[in-house]
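Here the structure is laid out as structure tokens; the discussion comes afterwards.
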Amino acid sequence: MYDRDEIEKLRAQVQELKHALQHARHLIIHVSPTSPEAWRLLRFTCKSKQEWRQWQRDTINKLLELTVDDRTCPLCGQRFTPVSLRWHLDDSHRMSRCSVFQAAIDLVHDGHIEEWRANEIQENIAGLAPVMELCKADGVNCQVYTNKHNNQAYLTGPSTRRSYSVIFWEGGDRFQVQASNGCVELFHCSAEDAAHALIWEHQNPLKRWMKDRG
Ligand SMILES: [Zn+2]
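Using the numbering used here, the first residue of the sequence shown is number 31, and each one after it goes up by one.
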């Protein structure tokens, strides 16, 4: 087991390594023969992981338009066949990705990951609001919990000891009811159905309790 001092020391080392890695990525981009037009495409900020992925796809197409001869990578200057140049940029067909593009992708990722995480959790909490309101209208005050490992938010009944179901937002107006052990009981259900699960359990805790042990 590590003691507190050792954990702090390791944490500081991880921070140092992260800074060194960021510096190395900037350096890779800086020393490459990237043209100013291509370089402009690598500077990017975005609000979510989805936007980041879309930016990668868009950038590959724009970079391919920038090539003078269909063969020379506009970022690192290496030469390919026209088809393998795309593979070099999109990391497919067992080609390792262009190290300049990879450095740019990782810089955007590491510079934004904390912000994306917070946005995603907030979005998931907001998505649960309709279920919360329906429960409240029935006199049942739900609780929101968040899981920072997967950026999820979920809703339970007023007391975790009484509640056996948790509600997740799937997106749009669809929800998922899971038992507290993680088994999915209802996929793609409406806010009304999800709220019903929590309200019913709140009103009939003993029935569920007996069923669970039956
Ligand atoms: Zn390249």
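We put the CB at the ideal spot given by N, CA and C, even for glycine.
Exercise for review: Would you mind stating whether Leu216 and Leu185 have Cβ atoms separated by less than 8 Å?
Suggested key: no
Exercise for review: With a threshold of 7 Å, establish whether the CB of Val61 neighbours any heavy atom of ligand 1.
Suggested key: no
**Study point:** Cross-strand partners of Val98 (DSSP beta bridge)
**Key:** None; Val98 has no bridge partner.
Practice item. Starting from Thr111, follow its DSSP beta bridges and name the residues at the other end. Key: The partner list for Thr111 (beta bridge, DSSP) is empty, contrary to what the question assumes.
**Study point:** Supposed close pair Leu96, Glu67 - CB separation, criterion 8 Å
**Key:** 6 Å
Exercise for review: Any chance you could list the residues with Cβ under 6 Å from a heavy atom of ligand 1, keeping chain order?
Suggested key: Cys103, Leu105, Cys106, Gln108, His118, Cys128, Val130
Check your understanding: With respect to the beta strand (DSSP E) encompassing Cys165, which residues constitute its N-terminal and C-terminal limits?
Key -> Looking at the DSSP string, Cys165 is not in any beta strand (DSSP E); the run it does join, the alpha helix (DSSP H), is 159–167.
Point to revise | As assigned by DSSP and simplified to three states, the class of Asn180 | key: coil
Point to revise | Contact under 8 Å by Cβ, Val207 with Ala227 | key: yes
Check your understanding: In its own chain, which residues sit with a C-beta less than 6 Å from the C-beta of Met162, not counting the 5 before and 5 after it?
Key -> Cys172
Practice item. Measure the CB-CB distance between Asp203 and Ala224 and report whether it falls below 8 Å. Key: no
Check your understanding: Is it a yes or a no for the segment 122–137 touching the segment 50–60, going by three-plus beta-carbon pairs under 8 Å?
Key -> yes
Point to revise | Among Asn180, Val196, Phe74, the one whose alpha carbon lies nearest that of Asp140 | key: Phe74
Review point. Curious, which full-length beta strand (DSSP E) runs of at least 3 residues does the segment 200–233 contain?
Key: 204–209, 214–219
Exercise for review: May I ask you to report which of helix, strand or coil DSSP gives Thr186?
Suggested key: strand
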